[in-house]
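Below is one structure, written out as structure tokens; comments come after it.
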Amino acid sequence: MVVPGAAVVLIGRLVTPSVVLRPGNDLRGCLPPGARRRARARALPPGTVGRDGACRTDGSRPAGAHCQTSAVTDWDAWHDPYDDPHSPLSQRLQEVRRQIGAAFDRAPAGPVRLLSLCAGRGLDVLPVIASHPRGCDVTGRLVELDPRNAAAARAQAPPGIEVIEGDAGTTDACAGAVPADLLLLCGIFGNTADDDVRRTAHAVPQLCAPGAAIVWTRSTHAPDLTPRIRGWFAEAGAAEASFVAEQPEGWSVGAGTFRGDPQPLRAGMRLFTFTTRPPQDRIGFGQ
Ligand SMILES: C[S@@+](CC[C@H](N)C(=O)[O-])C[C@H]1O[C@@H](n2cnc3c(N)ncnc32)[C@H](O)[C@@H]1O
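With the working numbering applied, the sequence shown corresponds to residues 7 to 293, in that order.
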């Protein structure tokens, strides 16, 4: 489903490979110079490690393997392809950061409340907060289950951003952090049942303030769920602002603006549970 006015972009695999902050987001935010230098170092992945997109599950890096090849995903190692600016995961990250920057650009003056579920190391939003002129206005919460990733995110999070180590799949993880002005649902929808994706998209009115930005990701590998996901967000009152998909089958990044009627948060509601999906449904990077 394509919402009139939404930007829909399909890009080929030969995307210019760079994971850099876009012009205007070049670390001119509100950080002191020392912190700015550190943020710049974080924002520009250094090398070519993991060029094949493989990731270690046992300390090794099997040729041709991706992070999702084992039944139990190592969510710390899942981030390894981010070190390679040529990897599809890095290209997806670049688009996610672009959408986060655009959300900050659009945000009205005043506080910007962030909620990121399954935040990983926070590599999508924390460098943008560090660089964007509105970064000083951002407060909020990252929720991440893996203690290693939560610790990595916490180490980079500025004051005002709390990192909670816990299950993001229930509305209880959101209590006290909603309504959000920016909701990140990145790297979730490829790891859950379709019904969970629908339920999470339909929970947007519980999670978002009027005008909030929502950024989500999902692989477009067959069976491509993204048309239905876009429809579910539309049903929830999120007008699509952008949908960018790598072609052929690959990552995609959707962005929307909440235009519906907010609802109170329902305590104890299960939104999603991570599952082990069949191999053909795994893409090894973004999901
Ligand atoms: C595919 S990664 C995405 C990380 C990050 N959002 C990104 O896009 O860079 C999924 C993350 O979800 C975390 N995770 C898995 N189940 C979770 C749960 N129930 N609650 C919170 N985090 C969870 C994993 O540890 C992992 O860091």
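Quick reminder that beta carbons are idealized off the backbone N, C-alpha and C, glycines included.
Sequence-distant Cβ neighbours of Cys180 in its own chain, meaning closer than 7 Å and more than five residues away, are Leu121, Leu213 and Leu271. Between the C-alpha atoms of Ala186 and Ala218 there is a straight-line separation of about 7 Å.
In this structure, the CA atom of Ala244 is about 8 Å from the CA atom of Ile220. Taken in chain order, the complete alpha helix (DSSP H) segments of 4 or more residues contained in the segment 126 to 186 are 132 to 137 and 153 to 162.
Every residue with a CB closer than 6 Å to a heavy atom of ligand 1 is listed here in chain order: Trp81, Trp84, Cys124, Ala125, Gly126, Leu129, Asp130, Val149, Glu150, Leu151, Asp152, Asn155, Asp173, Ala174, Gly175, Cys192, Gly193, Phe280 and Gln293. According to DSSP, residue pairing for Thr223 in a beta bridge involves Val259. Bridge partners of Ser248 according to DSSP: Ala13 and Ala261. With a contact defined as Cβ atoms closer than 8 Å, Trp222 and Gly260 qualify at about 5 Å. Under the three-state reduction of DSSP output, Arg234 falls in the helix class. Counting only the Cα atoms, Ala228 lies some 32 Å from Val134. Contact annotation: Ser258 and Thr226 have beta-carbon atoms nearer than 8 Å.
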